[in-house]
Every structure is written in C-alpha cells, then in structure tokens.
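Throughout the sequence shown, residue numbering follows numbering that gives the first Met the number 0, covering 0 to 352 in sequence.
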Amino acid sequence: MTVVSSHNDWDQLEECFVGIADHARIPTVDKSTHSFGFADCKWEHIKDLEGPSPEWVIDEANEDLDGLAKLLSNLGVKVRRPEAIDHSKEFSSPDWKTTGWYTYCPRDLLLPLDNLIIDCPGAMRARQYETLAYREFLYEAMAGGSQWISAPRPRLLDESYQLEDLSIPTLTNKEIVFDAPNVVRLGKDLIYQVSNSGSLLGGQWLKTILEPRGYKIHLAEKFYSYSHFDSTVIPLRPGLVLFNGDRINPDWYPPIFKTWEKIFFPGNKVHDIGTNLPNNVSPCSKYIGLNFMSVNEKLVICDENQEELRKELDKWGIESIALPMRQARTLSGGFHCVTLDTKRKGTLESYFD
C-alpha cells in the first residue's frame, strides 16, 4: 500500500523519488524565470538560453541520477521515478504562456508532512504543471489513506515580481506562492523562508492549514532571500544543525535552534563544481555543494567533490557516501533537490519542547 509518512530529513529513509533529466530545458524566459533562478543575471544572458538542454548535459545528469537511484535501492530504499513529460509543449493561463522546465527536482513542488502531501503553488510559471509527473503516485497515496491537497493556484502576473532591488525578495507579497524547499521540516515545527520562491502570504496560508493540525510555523525573513533554504539550513538529527556559514553566523541564525549544537560551515570550504551555461550563468550558486540528503541520522549522500564537508560530518559521527552530480549547478539541483522522501520511519514529534 502506498502511503505518505515523512516528518523530517533524518529519520530512516524507506521510500523516495529520484528525479530524471529527460526533456530538461531553459523554459520561456519571462519575469518569473528571471526572478526565480536568474535574478542576478542580465536579461540578455538568459534570454538566449531558451530551449532544450544539450543532450550531453541530459545524458550526464541521467547517468548520475540513475547511479543515485541504484545506490538507494541497494540500501533498501524503495525508489520511484517521475513520469517523463515533454517540457517543450507550450501551455498558458489567461495571462501568459510558457514552456515547461524539467522533472529533475522532485523536492521542489511537493511537500510531505506526516500523512499529508501538499501540491505547492510554485513561483515559476513554467512549473505550474510539473507535478503531473507524480499524479499516479498521488492517487495511490490517497487510496492508501494519505491526504493530498493543493494550495490555491497563483496568477503569477508580472506585478508578482520585482528585479529593481535584489537586497529584498524578487517575489512580491501579492499572492500565496511558495516552493516546498522554502519549508524546513522539524517534526511539529516548520521553518518557512520568505524569499524569491516563497511569499509571506504563502507562510500565512500554511499557518491556516497546518497549525490546526498541531504544527507551528516559524517565519524566517532576511536570512537568505535568493531561493530555497535547503543549502542554508540543514538539520542533521535532533539537536544538531549545519548552517551555510556565509549566510548564517553565531549572531544571526533562526532562534528555534538556540539550544541545538550548530555547525557553521565556512563557504570557502565549499568546492565550486561550475556551470556549463555560457557567461557563467547558473540558476544556483556554488553552495549547491551543501545540498545533500540524509538516509538516516548517521548516513548522508553528498557530492563527491565536497571533501571538506565530508570531513566535518565525520567529526560529528556522520558517515557520507560520495557520488557525482555533475550538472548540479547547470540544472540547479543537488542530492536533496533531486530526491523527495515520501516515507521515513518514525513518528511526528516535537523536538523543541
């Protein structure tokens, strides 16, 4: 029976999705694309990138994703893959039209919380139908007793974005908009990041839906506005969290972690694997190297280039398996991004009482 049961990122992993790179592309470059992944890039540098990713990039990415799926299967994890979707097909709303992006990052638009899974109102127009790749699983999960809800669909008009002041989020607070990795799952406590991919209204909507279910939402503003939070705040187990030391420091961190042990990992120890897009354009930074996934409290899977990270984790009794994810910066997804844990052992708990 298919069920959703996942409360955090460290309980023993039992079932997960691993993404695919088939039909990956740079979608129609509009204000939403510019705002979400390329806010610090010149328009002309990204407009020329519209179209399918090179076959060698797709092949290399799929080779690495298949290797990850094989490893997880060998570790006893049930692995699912998304349905392949032709992202070159154009679709529209009454206000805009666009092509799709990819199915490389299952993490981005589905948020599992206990036996509930939320289809998120993503910040990019190109991703509004991306979760169709998981529709069969969602129906199976519902039949198995899990709850499946969708947030209100945003219109994503041009006025939903601003690119004039990059010191604040490019996503304006006009609609309920958020990606799943704007949420850090800590059992009954959830951190919600306000950023280029998550509006304050998105956090307020989650409060109305989740707090009656026993969750507490902690809003995180002004820590890191660019996009997702999973290369900035990485909980490793109850009582231990790793922070991106270039974004968070001992005087400035989410206060919920006051009593936890904290690793402030220096940014200069993150190896930059580089991007294969021209003009050094990338939809993510070198800190994608901190984007790793936990199989359990004592084992993580991370990028093979991150030797300093592996040494640091080892100091805390955490073993790491190193694999390649060669297109992580080109396609904007490390090991946490390209997976979605739908089932982990464990129960819904509070770690901060």
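We put the beta carbon where it would ideally sit given N, CA and C, even for glycine.
Per DSSP, what are the beta-bridge partners of residue i in this structure?
{"i": "Asp113", "result": "Ser5"}
{"i": "Pro51", "result": "Arg24"}
{"i": "Lys261", "result": "Val240"}
{"i": "Lys342", "result": "Ser4 and Glu14"}
{"i": "Gly197", "result": "Phe177 and Ser194"}
{"i": "Ser319", "result": "Val299"}
{"i": "Thr102", "result": "Ile19"}
{"i": "Leu189", "result": "Arg184 and Ile216"}
{"i": "Trp251", "result": "Asn248"}
{"i": "Asp118", "result": "Leu109 and Ser149"}
Assign residue i to one of two classes, buried (16 or more other C-beta atoms within 10 Å of its C-beta) or exposed (fewer than that).
{"i": "Asn278", "result": "exposed"}
{"i": "Met324", "result": "buried"}
{"i": "Pro180", "result": "buried"}
{"i": "Lys435", "result": "In the structure displayed, the chain extends from 0 to 352; residue 435 sits before or after that span and is not available."}
{"i": "Phe264", "result": "buried"}
{"i": "Arg246", "result": "buried"}
{"i": "Glu306", "result": "exposed"}
{"i": "Ile148", "result": "exposed"}
{"i": "Ser145", "result": "buried"}
{"i": "Lys88", "result": "exposed"}
{"i": "Glu360", "result": "No statement about residue 360 is possible, as the shown extent of the chain runs from 0 to 352 and does not include it."}
{"i": "Ser349", "result": "exposed"}
{"i": "Ser91", "result": "exposed"}
{"i": "Glu210", "result": "exposed"}
{"i": "Tyr286", "result": "buried"}
Using only alpha-carbon positions, find the residue among the options that is nearest to residue i.
{"i": "Met292", "options": "Ala20, Ser166 and Asp229", "result": "Asp229"}
{"i": "Tyr103", "options": "Asp85, Glu303, Ser91 and Lys261", "result": "Asp85"}
{"i": "Leu308", "options": "Asp340, Phe242, Asn248 and Asn295", "result": "Phe242"}
{"i": "Phe35", "options": "Ala60, Val176, Ala23 and Gly144", "result": "Val176"}
{"i": "Glu174", "options": "Ile190, Pro180, Leu156 and Asp271", "result": "Leu156"}
{"i": "Ser151", "options": "Tyr133, Ala142, Gly121 and Met141", "result": "The question names Ser, but residue 151 is Pro in the sequence shown. That would be Gly121, whose Cα lies nearest to the Cα of Pro151."}
{"i": "Arg24", "options": "Gly99, Pro211 and Phe136", "result": "Gly99"}
{"i": "Asn114", "options": "Ser196, Gly197 and Thr1", "result": "Thr1"}
{"i": "Ser52", "options": "Leu276, Ile287 and Gly75", "result": "Leu276"}
{"i": "Ala60", "options": "Glu348, Ala327 and Leu347", "result": "Ala327"}
{"i": "Trp315", "options": "Gly288, Glu260, Tyr350 and Arg212", "result": "Glu260"}
{"i": "Val363", "options": "Glu54, Trp95 and Asp10", "result": "Outside the displayed span of the chain (0 to 352) sits residue 363, for which this structure offers no information."}
{"i": "Thr329", "options": "Leu48, Val232, Arg80 and Trp204", "result": "Leu48"}
{"i": "Phe351", "options": "Ile255, Gly288, Cys301 and Leu322", "result": "Ile255"}
{"i": "Lys268", "options": "Gly201, Gly288 and Pro249", "result": "Gly288"}
{"i": "Ala125", "options": "Lys77, Ile116 and Asp107", "result": "Asp107"}
{"i": "Val182", "options": "Ile167, Leu70 and Trp204", "result": "Trp204"}
Using three-state DSSP, classify residue i as helix, strand or coil.
{"i": "Tyr214", "result": "coil"}
{"i": "Asn275", "result": "coil"}
{"i": "Gln326", "result": "coil"}
{"i": "Leu165", "result": "coil"}
{"i": "Pro153", "result": "coil"}
{"i": "Pro234", "result": "strand"}
{"i": "Ala142", "result": "helix"}
{"i": "Tyr160", "result": "strand"}
{"i": "Trp95", "result": "coil"}
{"i": "Gln203", "result": "helix"}
{"i": "Ser72", "result": "helix"}
{"i": "Val182", "result": "strand"}
{"i": "Ala77", "result": "In the sequence under discussion, the amino acid at residue 77 is Lys, which differs from the Ala named in the question. Strand at Lys77."}
{"i": "Ile19", "result": "strand"}
{"i": "Asp63", "result": "helix"}
{"i": "Asp58", "result": "helix"}
{"i": "Asp302", "result": "strand"}
{"i": "Ser31", "result": "helix"}
{"i": "Leu289", "result": "helix"}
{"i": "Ala132", "result": "helix"}
{"i": "Phe334", "result": "coil"}
{"i": "Ile208", "result": "helix"}
{"i": "Leu170", "result": "strand"}
Would residue i pass as a contact of residue j if the rule is Cβ separation under 7 Å?
{"i": "Thr338", "j": "Val56", "result": "no"}
{"i": "Glu220", "j": "Val193", "result": "yes"}
{"i": "Thr169", "j": "Ser159", "result": "no"}
{"i": "Asn7", "j": "Gly186", "result": "yes"}
{"i": "Thr379", "j": "Ser281", "result": "Since the first residue shown for the chain is 0 and the last is 352, residue 379 is missing from the structure and cannot be characterised."}
{"i": "Ser5", "j": "Arg343", "result": "yes"}
{"i": "Tyr214", "j": "Leu189", "result": "yes"}
{"i": "Pro153", "j": "Thr97", "result": "no"}
{"i": "Glu311", "j": "Leu298", "result": "no"}
{"i": "Ala38", "j": "Leu165", "result": "yes"}
{"i": "Tyr191", "j": "Ile208", "result": "no"}
{"i": "Leu12", "j": "Val294", "result": "yes"}
{"i": "Asn304", "j": "His335", "result": "no"}
{"i": "Pro111", "j": "Thr341", "result": "yes"}
{"i": "Met123", "j": "Ser226", "result": "no"}
{"i": "Ser196", "j": "Asp178", "result": "yes"}
{"i": "Val3", "j": "Ala140", "result": "yes"}
{"i": "Ile320", "j": "Ile300", "result": "yes"}
{"i": "Glu82", "j": "Ala132", "result": "yes"}
{"i": "Trp42", "j": "Glu296", "result": "no"}
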